[in-house]
Ligand code: GAL
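In our numbering, the protein residues as written are 21 to 657.
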């Protein structure tokens with residue numbers, strides 16, 4: 021596979037006279053791809069039915085003539101003002117029932133059909149116009165579904181569509197009442213039309229109701245995206261992608277991804293560290309100019325799975341951003357490191373956001389590869405370096421990691437519905453496992469729960485996988501790998517009910533979770549060896565062997581054959597030890613890396629990344645601050 025670079029460009033932001041020079045400068049910088057169009061609706065259709073395509077035609081031609089390839093974005097994330105005037109009910113409502121109005125972006129409700137029809141119309145026109153244009157070599161649908169908390173809408177349109185979705189899922193109302201346990205608190209419904217959205221209730225709504233609404237909201241994103249994909253495919257053979265975001269889990273990306281050719285995501289390591297990694301202040305301070313050493317990698321691995329092997333970084337942070345609580349500049353070298361780390365995880369392309377910093381509007385404080393005056397910014401220097409290094413690097417072979425970590429969006433919906441303790445999240449639990457594996461020097465594949473590839477792995481982890489059907493349990497039990505479950509794996513049936521026999525009810529593993537507790541942050545449960553369970557712990561018993569105990573002597577980890585169950589949320593120390601032991605059982609070699617040093621293998625290379633702001637040494641590996649080392653394994657052999 022060949023690896024390429026690109027950028028995100030907004031020709032509509034700049035005078036036409038600049039486009040040709042911009043295109044030439046992009047080529048000179050070693051870029052291949054330019055994404056355009058995704059926020060351009062008001063300049064394509066300034067008034068309903070009054071179209072100006074000439075500027076976009078000319079932008080595509082200018083870029084194509086320079087030798088660049090275009091990713092064409094559909095403009096549906098930014099409906100123009102006239103659209104909202106025409107359809108005042110198209111905007112989403114927040115959980116309090118207030119409209120999320122015009123004046124920024126993503127101001128639409130996925131369930132509002134007249135807006136979906138407008139999207140069909142504009143996407144059809146774009147696809148007809150550019151579908152056969154050889155410069156348009158890829159497509160992007162919309163922009164960052166779910167960003168700015170926009171998956172869920174509490175609108176009338178959502179409520180009406182939800183009732184239809186429920187009728188389809190449950191068939192008759194008695195089945196729904198039974199499945200949700202509506203005998204409780206006299207919540208029985210007589211007809212589907214009686215069911216409101218689960219907001220504005222006096223106290224907590226039924227978790228089965230909430231979970232159903234989350235699943236419905238996810239399906240609405242899938243449906244909205246699929247309409248665009250179908251239209252584009254009718255006119256174009258070019259691959260279709262969508263740009264996902266970091267730590268957005270409120271729609272099922274595997275379901276959206278099933279309709280697409282390429283998964284892409286938008287990687288803002290410093291913005292993420294400040295506003296969504298959830299690390300301690302000391303960690304944030306230490307990595308403030310480098311980003312979390314595992315957060316990007318986690319998403320690279322997740323989106324490789326979502327894209328079934330094909331994935332890009334569509335937006336790479338090139339310098340300070342504008343949207344986090346604090347927005348420092350990256351340590352020199354980090355833009356290069358982030359780019360190479362994406363390639364180490366199998367990215368086909370890395371595109372920098374954005375070409376030139378805009379001097380106006382919301383993102384005027386957001387760096388580009390160029391400053392607002394067109395001079396090179398620091399990001400450009402590093403992008404050029406990566407481009408030069410890529411020409412010298414041979415094509416790469418994808419590899420299979422020894423460890424698979426299951427990520428299930430439906431489990432995230434269930435945890436969000438019923439976290440059971442403040443601050444407990446499925447994403448957090450899975451990410452802690454990922455961090456521990458990386459700290460042990462391992463490459464990891466993230467896999468969907470319905471994967472058919474379990475047999476490729478020596479170790480499979482399924483922490484927090486709330487709902488496991490019999491097929492999945494049997495697949496895991498028979499995968500021939502060491503399998504580590506828990507905490508909370510198999511804790512609920514598909515309708516959010518506690519299953520009987522009690523969880524995890526895993527064939528071949530005689531373990532029963534007899535009760536569960538969430539813990540205050542200041543009351544961890546110490547383990548007999550070092551480390552502790554924090555936030556969440558379970559009491560387990562059964563005939564399986566106890567291989568770890570709490571300091572009080574209760575079972576903490578039990579194992580039978582190739583299956584183990586961990587009865588709590590391990591802290592860093594506990595997780596590293598428990599997972600190192602599981603690796604040992606699986607015949608996988610581990611090595612504890614120094615903080616901030618990370619390693620990743622492709623099929624033909626080994627990469628080392630130093631996320632520290634100081635040099636690091638580990639055996640033969642010597643790296644400066646922000647250093648990258650690429651070892652060609654084929655040469656070594
Ligand atoms: C992304 C978005 C871009 C831009 C960028 C700024 O979330 O897709 O349009 O806003 O953030 O960092």
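Built from N, CA and C at the ideal position, the CB exists for glycine as well. Here the structure is a predicted model, which means the values were calculated and not measured.
Simplified DSSP assignment, three categories, for residue i
| i | result |
| --- | --- |
| residue 482 | strand |
| residue 268 | coil |
| residue 53 | strand |
| residue 37 | helix |
| residue 128 | coil |
| residue 21 | coil |
| residue 549 | coil |
| residue 641 | strand |
| residue 31 | helix |
| residue 649 | strand |
| residue 657 | Legend: pLDDT at residue 657 = 46, less than 50; position of this residue unreliable, value from coordinates given subsequently. Three-state DSSP puts residue 657 in coil, outside helix and strand. |
| residue 608 | coil |
| residue 438 | coil |
| residue 618 | strand |
| residue 75 | helix |
| residue 284 | strand |
| residue 61 | helix |
| residue 261 | strand |
| residue 470 | coil |
| residue 461 | coil |
| residue 26 | strand |
| residue 138 | helix |
| residue 630 | strand |
| residue 636 | strand |
Distance cut-off 7 Å: residue i Cβ against heavy atoms of the ligand GAL
| i | result |
| --- | --- |
| residue 386 | yes |
| residue 162 | no |
| residue 219 | no |
| residue 341 | yes |
| residue 429 | no |
| residue 30 | no |
| residue 632 | no |
| residue 263 | yes |
| residue 271 | no |
| residue 165 | no |
| residue 286 | yes |
| residue 373 | yes |
| residue 335 | yes |
| residue 383 | yes |
Beta-carbon spacing of residue i, residue j below 8 Å
| i | j | result |
| --- | --- | --- |
| residue 265 | residue 361 | no |
| residue 283 | residue 327 | yes |
| residue 333 | residue 285 | yes |
| residue 237 | residue 272 | no |
| residue 633 | residue 310 | yes |
| residue 483 | residue 449 | yes |
| residue 624 | residue 653 | yes |
| residue 506 | residue 585 | yes |
| residue 521 | residue 492 | no |
| residue 37 | residue 63 | no |
| residue 320 | residue 161 | no |
| residue 456 | residue 596 | yes |
| residue 444 | residue 497 | no |
| residue 467 | residue 403 | no |
Assumed close pair residue i, residue j - CB separation to whole angstroms, cut-off 8 Å
| i | j | result |
| --- | --- | --- |
| residue 55 | residue 91 | 4 Å |
| residue 410 | residue 27 | About 15 Å; that fails the 8 Å criterion. |
| residue 128 | residue 111 | 6 Å |
| residue 342 | residue 383 | 6 Å |
| residue 580 | residue 529 | 5 Å |
| residue 429 | residue 274 | 7 Å |
Inset, instruction - Give, in chain order, every unbroken run of the beta strand (DSSP E) that is at least 3 residues long and sits entirely within the region 358-433. - result: 369-372 and 423-426
Inset, instruction - Could I get the ranges of all uninterrupted alpha helix (DSSP H) runs contained in the region 161-232, with 4 residues as the minimum, in chain order? - result: 176-190 and 193-200
Legend entry - Every unbroken beta strand (DSSP E) inside the region 85-128 [3 residues or more]: 89-93
Inset, instruction - Ignoring anything shorter than 4 residues or poking outside the region 577-603, list the alpha helix (DSSP H) runs there in chain order. - result: none
Legend entry - Complete beta strand (DSSP E) runs within the region 499-571 (minimum length 3 residues, chain order): 502-505, 532-538, 552-561 and 565-569
Inset, instruction - May I have a chain-ordered list of the beta strand (DSSP E) segments no shorter than 3 residues that lie completely inside the region 302-338? - result: 331-336, all fully within the region 302-338.
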